[in-house]
Each structure stands twice: as C-alpha cells, then as structure tokens.
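Visitor: Mind having a look at this structure? Questions to follow.
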Amino acid sequence: MSDSEQELQVPSGSTWACLQLDVEWHDDWDAFSAYMDDCQAATHQIFRQRTSTSHLSAKEESGDCRRLGGIMRQRRNCGRWRRRGDVGVTWTFNEECKNVWIKLVWTHGWNRKSREKEKRKSYFEKSTGCKANVKAAVAWNDTNNAFMVHITGFDVRHNHSVSKAVYANHVSNRRVKNPSILAFVDELQAARSKPKLFMQYLRKKTGKKVALRDVHNMVARMKEKRRGGATAEERLEMVLRGIFECRGNRATVYVDDDKTAQTITLQTRQMRRLFKAFAEVLLVDATYNTNDSRYKLFSFMVNDVYEHGQYVQHSLMENESAECLSDAISSFKFNNPSWDQVKVIVFDKGMGKMALLESKFPGVKVSLSPEEVHSNRDGRERVWWAD
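Under UniProt numbering, the residue at position 207 of the sequence shown is numbered 207, and the numbers go up by one with no gaps.
In structure tokens form, the structure reads like this:
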C-alpha cells in the first residue's frame with residue numbers, strides 16, 4: 001500500500017447502514033449478549049461495552065431521592081426500580097442484576113491518545129469517530145409482568161465500510177477459544193514446533209484468519225501459564241535441581257559476601273562431550289537483559305562437524321566485571337580437562353574482555369568474530385578479521 005492510498009476503515013464521507021435490531025425485549029443479560037453476538041456475526045458489526053451503571057451505583061443514587069416526582073417516573077422507564085404491590089408509588093431495587101444499564105459502541109468509536117511520532121504518513125489511528133451504538137437497560141415489561149432487558153435505543157449507521165473482510169480480520173474474531181484446540185497447540189509448543197505450523201493448523205481447524213502475531217501472543221500466554229506465575233529466581237532453582245538430578249551434569253554458584261549470587265554456570269553431560277570432540281575453536285557470546293533480574297548471559301560455544309554452533313556452557317552473571325567472567329572461566333576449565341586443546345577463541349565485540357581471555361588461556365589466539373566492526377575513540381571504524 002502506497003503512502004497516498006487510504007485504508008478501508010478510514011471514513012470517506014459516506015454512510016453505511018446495517019440492519020435494524022428487531023428484538024426489543026430479552027429475558028436477561030445472557031440472552032441479550034447471545035442476541036448481540038448473532039446480530040454482529042450476521043451484520044459484520046463489532047460492538048464493545050463502553051459505559052455501564054451497576055446496581056450498587058443505582059442503589060446509592062436511589063437513596064438520595066426522597067420524593068416521588070418526575071425523576072422517579074422517568075427512571076421507571078429506565079428499569080432501575082422494581083414495583084412492590086399494586087400501587088406504583090413504592091419502588092425497591094432489584095439486586096439480582098449486576099448492571100442496570102449499559103452502552104455498546106463500535107470498536108473504533110472513541111478516541112485514544114496516539115502514540116505516533118509523526119515519522120510516517122498515516123490515515124488511521126484507531127478511532128474513526130463512528131457514532132454507532134446500542135443502549136440497553138433493565139425495565140419492567142407490562143406484557144410479561146416481569147423485569148427484562150430492554151433495548152432503549154440504537155444507531156447502526158457507520159461512517160466507514162462494514163464488510164465481512166474487516167469483520168473476519170478483527171483481533172477479537174481471530175482469537176481461538178476452543179479448549180481442545182488450545183490444549184493440542186500447547187503440546188505442539190512444548191515439542192518446539194514452528195509458529196507457522198501453528199498458524200496453518202489453527203486456520204484449518206477454526207476457519208479463522210489467525211495471524212502470525214496471534215500465534216506468538218498465544219504461545220506467550222501458554223508459557224506464562226505453564227510457569228505458574230513463578231519468578232525468575234524460582235524457575236532458575238527448578239532448572240538447577242533438574243540438572244543435579246542427572247548424572248554427569250555440572251552446575252556452580254558463586255556468591256559474594258552478602259550471599260548474593262554473582263555467577264551461575266550450567267553445563268550438561270552432552271555439552272562436555274561436545275567440547276571434548278570439538279575443542280579447537282571456542283566461541284564466547286554475550287546476551288544482555290534477557291531476564292527480570294537483569295543478569296547477563298555469557299555462553300561458550302563450539303562448531304560441530306556440520307558447522308552448526310553448539311552450546312557447551314551457560315553462565316549467568318550479575319555484571320560484566322572481570323571477577324564474574326573469571327569465575328565462569330574457572331568453572332569451565334575445572335569441568336573440562338581438555339581446555340588446553342583450545343587453539344582459537346572468538347568473542348563478541350560487545351564483550352570487551354580480550355585481555356582477560358588472553359591471560360586465562362595462555363598461548364591461545366583471541367580475536368573478534370569475522371567481519372565485526374569496532375569503533376575507535378577517535379570515531380573511525382575499523383574491521384577486525386579472525387584468521
């Protein structure tokens with residue numbers, strides 16, 4: 001889409017009128033919601049609750065009314081009062097209803113603060129200024145002699161296009177709620193299947209236009225639910241206990257004088273076997289701020305026979321000090337007696353501990369990774385190559 005082409009939801013000056021709401025009275029709010037769902041699917045409209053009046057607010061408001069006058073007679077039509085006996089002068093509130101009045105508006109019918117920084121030309125910012133709405137309240141039905149939900153007013157005229165394509169691509173209609181399908185997707189996610197396969201499966205099973213970002217959001221919610229709300233420290237403790245349960249795995253925790261963990265190293269038995277088989281070239285990579293505790297993740301890697309990178313140790317560090325990195329290297333050398341077979345160490349440019357690596361691995365060539373660009377203090381750029 002070019003910059004001069006407007007999106008379909010942008011108001012164009014025309015008016016789109018949808019079918020009128022033909023059922024005026026409903027038994028309760030559940031019946032009203034079911035009716036609105038059917039109407040929205042049939043007319044391709046999407047309404048969301050904008051405002052409401054709860055029974056508590058109505059009860060507090062009724063306590064201020066001491067006289068039966070015009071106000072009471074007006075609110076009789078709004079359904080906020082229940083008649084007691086045959087005389088229509090005594091009213092009490094029906095507390096069985098959670099809300100006594102609600103207003104539904106079109107999804108883009110109200111304004112929100114824009115987060116746009118005016119870096120690109122945009123025609124559409126959530127709100128279209130659409131005035132379509134539906135109002136409903138609990139009211140007394142003289143015909144059925146009972147309180148029912150009454151649609152007191154509605155406006156189904158839109159200032160933008162209303163179509164099946166816009167309705168099907170709305171985020172609320174792309175959401176998958178089937179428990180059996182979500183359980184199967186959870187099993188696929190635990191098996192580390194690709195998100196695109198999730199998307200294809202969900203589209204085929206549900207018929208909805210599920211987007212890739214919907215799959216990522218779904219997977220994130222499943223991971224959070226699987227963790228059970230545990231903190232980063234609790235999850236790390238579970239990982240450490242799981243590592244200790246397996247024979248041949250190694251884990252080391254270095255603490256300071258205040259008993260605060262400074263460095264935590266993790267290495268499985270398979271990692272040690274990989275390093276013993278491919279110990280000539282060692283790669284050191286660093287990742288920052290990937291957890292809630294803001295610990296740095298330093299990883300040692302090797303290249304296998306297929307030229308694929310394989311991790312041989314993970315180290316969580318409180319900071320980038322030489323002491324923390326020395327602890328990680330000491331643990332690595334202690335758990336891997338074949339460390340003296342390392343010939344070349346390639347490290348990330350953001351690490352900045354070249355001298356320390358050279359001192360800990362004497363006789364080993366230490367260099368930046370291929371085609372890394374390093375900025376000097378004078379502002380010039382220089383390319384470092386690993387031989």
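C-beta: ideal position from N, C-alpha, C; glycine also.
Everything numeric in this text was worked out from a predicted model, so none of it was measured.
1) Nearest to residue 302 by CA position, among 144, 316 and 339, is which residue?
2) Taking the alpha carbon of residue 19 as the reference point, which residue from 27, 41, 26 and 31 has its own alpha carbon closest?
3) If you reduce the DSSP assignment to three classes, tell me which class residue 260 lands in.
4) Please state if the CB of residue 274 and the CB of residue 310 are separated by a distance shorter than 8 angstroms.
5) I'd like to know if the region 243–259 and the region 267–286 are in contact, where contact means that at least 3 CB-CB pairs between them fall below 8 angstroms.
6) Let me know the alpha helix (DSSP H) ranges lying completely inside the UniProt domain "ZSWIM1/3 RNaseH-like" (246–366), each 4 residues or longer, listed in chain order.
7) Is residue 347 buried or exposed, if buried means 16 or more other CB atoms sit within 10 Å of its CB?
8) Are the beta-carbon atoms belonging to residue 100 and residue 53 less than 8 angstroms from one another?
9) Would you say residue 132 and residue 158 are within 8 angstroms of each other, going by their C-beta atoms?
10) With C-beta atoms as the reference, is residue 314 less than 8 angstroms away from residue 325?
11) Would you call residue 17 buried or exposed, if buried means 16 or more other Cβ atoms sit within 10 Å of its Cβ?
12) So, helix, strand or coil for residue 242, using DSSP?
13) Would you report the Cα separation of residue 146 and residue 44, rounded to the nearest angstrom?
14) Among 136, 359, 271 and 344, which residue has its Cα nearest to the Cα of residue 330?
15) Sort 129, 152 and 167 by Cα distance to residue 139 and report the nearest one.
16) Quick check: what's the CA-CA separation for residue 93 versus residue 180?
17) Along the chain, where does the beta strand (DSSP E) containing residue 164 start, and where does it finish?
18) Which value, in whole angstroms, describes the spacing of the CA atoms of residue 345 and residue 211?
19) Mapping DSSP to helix, strand and coil, what is residue 44?
20) Could you spell out where the alpha helix (DSSP H) holding residue 206 opens and where it closes?
21) Check whether the Cβ atoms of residue 141 and residue 25 lie closer than 8 angstroms to each other.
22) Could you say which of 223, 277, 236 and 202 lies nearest to residue 263 if we only look at CA atoms?
23) Which residue's Cα is closest to the Cα of residue 223: 182, 162, 320 and 312?
24) Taking the continuous alpha helix (DSSP H) assigned at residue 133, which residues delimit it?
25) Less than 8 angstroms between the beta carbons of residue 195 and residue 215, yes or no?
26) Where does the unbroken alpha helix (DSSP H) through residue 21 begin, and where does it stop?
27) Could you pull the DSSP bridge partners for residue 102 from this structure?
28) DSSP three-state call for residue 155: helix, strand or coil?
29) Would you mind sorting residue 150 into buried or exposed? The rule is 16 or more other CB atoms within 10 Å of its CB.
30) For residue 147, which residues does DSSP report across the bridge?
31) From this set, 134, 239, 260 and 39, which residue's C-alpha is nearest residue 49's C-alpha?
32) Taking the Cβ atom as the reference point for each residue, do residue 185 and residue 238 lie within a distance shorter than 8 angstroms?
33) For chain C, check one thing: does any of its Cβ atoms lie closer than 8 angstroms to the Cβ of residue 142?
Guide: Taking the coordinates as given:
1) Translated into the one-based positions of the sequence shown, residue 302 becomes position 302. The shortest Cα separation from residue 302 among 144, 316 and 339 belongs to 339.
2) To locate residue 19, count along the sequence shown from 1; it is residue 19. For the residues 27, 41, 26 and 31, the minimum Cα distance to residue 19 belongs to 41.
3) The count along the sequence shown starts at 1 and reaches residue 260 at position 260. Three-state result, residue 260: coil.
4) Translated into the one-based positions of the sequence shown, residue 310 becomes position 310. Translated into the one-based positions of the sequence shown, residue 274 becomes position 274. Cβ distance < 8 angstroms, so residue 310 and residue 274 count as in contact.
5) yes
6) Secondary structure within the UniProt domain "ZSWIM1/3 RNaseH-like" (246–366): the alpha helix (DSSP H) runs of 4 or more consecutive residues, fully enclosed, are 269–277, 322–335 and 354–360 (chain order).
7) The residue you call residue 347 lines up with position 347 of the sequence shown. Here residue 347 is buried. Its C-beta has 16 or more other C-beta atoms within 10 Å.
8) Along the sequence shown, read from residue 1 onward, the residue named residue 100 stands at position 100. Along the sequence shown, read from residue 1 onward, the residue named residue 53 stands at position 53. Yes, these two residues count as a Cβ contact at 8 angstroms.
9) Locating residue 132 in the sequence shown gives position 132, where the first residue counts as 1. Locating residue 158 in the sequence shown gives position 158, where the first residue counts as 1. It is a contact, given that the beta carbons lie within the stated cut-off.
10) As a working note, residue 314 is residue 314 in the sequence shown. As a working note, residue 325 is residue 325 in the sequence shown. Contact: no.
11) Here residue 17 is taken as the residue at index 17 of the sequence shown, counted from 1. Flag for residue 17 reads exposed.
12) By 1-based counting over the sequence shown, the position of residue 242 is 242. Residue 242 falls in the helix class under three-state DSSP.
13) As a working mapping, residue 146 is identified with position 146 in the sequence shown. As a working mapping, residue 44 is identified with position 44 in the sequence shown. One C-alpha to the other measures close to 32 angstroms.
14) By 1-based counting over the sequence shown, the position of residue 330 is 330. Answer by Cα proximity: 359.
15) Working through the sequence shown from its first residue, we reach residue 139 at position 139. Nearest option by C-alpha distance: 152.
16) Residue mapping note: residue 93 aligns to position 93 of the sequence shown, counting from 1. Residue mapping note: residue 180 aligns to position 180 of the sequence shown, counting from 1. Caution is warranted here: a pLDDT of 48 is assigned to residue 93, below 50, making its placement in the model unreliable, and the coordinate value is therefore given only provisionally. In a straight line, the C-alpha of residue 93 is about 42 angstroms away from that of residue 180.
17) Residue mapping note: residue 164 aligns to position 164 of the sequence shown, counting from 1. No beta strand (DSSP E) holds residue 164; the alpha helix (DSSP H) holding it covers 164–168.
18) Numbered from 1 along the sequence shown, position 345 holds the residue referred to as residue 345. Numbered from 1 along the sequence shown, position 211 holds the residue referred to as residue 211. Roughly 42 angstroms separates the two Cα atoms.
19) Position 44 of the sequence shown, counted from the start, is the residue given in the question as residue 44. Looking at residue 44 - three-state DSSP - the assignment turns out to be coil, as it is neither helix nor strand.
20) The residue labelled residue 206 in the question sits at position 206 within the sequence shown. Counting along the chain, the alpha helix (DSSP H) containing residue 206 begins and ends at 195–206.
21) By one-based count along the sequence shown, residue 141 stands at place 141. By one-based count along the sequence shown, residue 25 stands at place 25. Pairing residue 141 with residue 25 gives a Cβ-Cβ distance under 8 angstroms.
22) Locating residue 263 in the sequence shown gives position 263, where the first residue counts as 1. Taking only the C-alpha atoms, the option nearest residue 263 is 236.
23) Locating residue 223 in the sequence shown gives position 223, counting from the first residue. The shortest Cα separation from residue 223 among 182, 162, 320 and 312 belongs to 182.
24) By one-based count along the sequence shown, residue 133 stands at place 133. No alpha helix (DSSP H) contains residue 133, which is instead part of the beta strand (DSSP E) from 133–141.
25) Residue 195 sits at position 195 when you count from the first residue of the sequence shown. Residue 215 sits at position 215 when you count from the first residue of the sequence shown. Going by C-beta atoms, residue 195 is nearer than 8 angstroms to residue 215.
26) Reading the sequence shown from its first residue, position 21 is the one you call residue 21. Taken as a continuous stretch (DSSP letters only), residue 21 belongs to no alpha helix (DSSP H), as it is neither H nor E.
27) Stepping through the sequence shown from its first residue, residue 102 is reached at position 102. Paired residues: 52 and 136.
28) In the sequence shown, residue 155 corresponds to position 155, counting from 1. DSSP places residue 155 in strand when its eight states are reduced to three.
29) Sequence index remark: in the sequence shown, residue 150 carries index 150 (1-based). Buried.
30) In the sequence shown, the residue the question calls residue 147 occupies position 147. Residue pairing by DSSP places residue 147 opposite 140 in a beta bridge.
31) Here the question's residue 49 lines up with position 49 in the sequence shown. It is 134.
32) Numbered from 1 along the sequence shown, position 185 holds the residue referred to as residue 185. Numbered from 1 along the sequence shown, position 238 holds the residue referred to as residue 238. No, Cβ-Cβ distance for residue 185 and residue 238 is not below 8 angstroms.
33) The chain inventory of the structure shown lacks chain C, comprising one protein chain alone.
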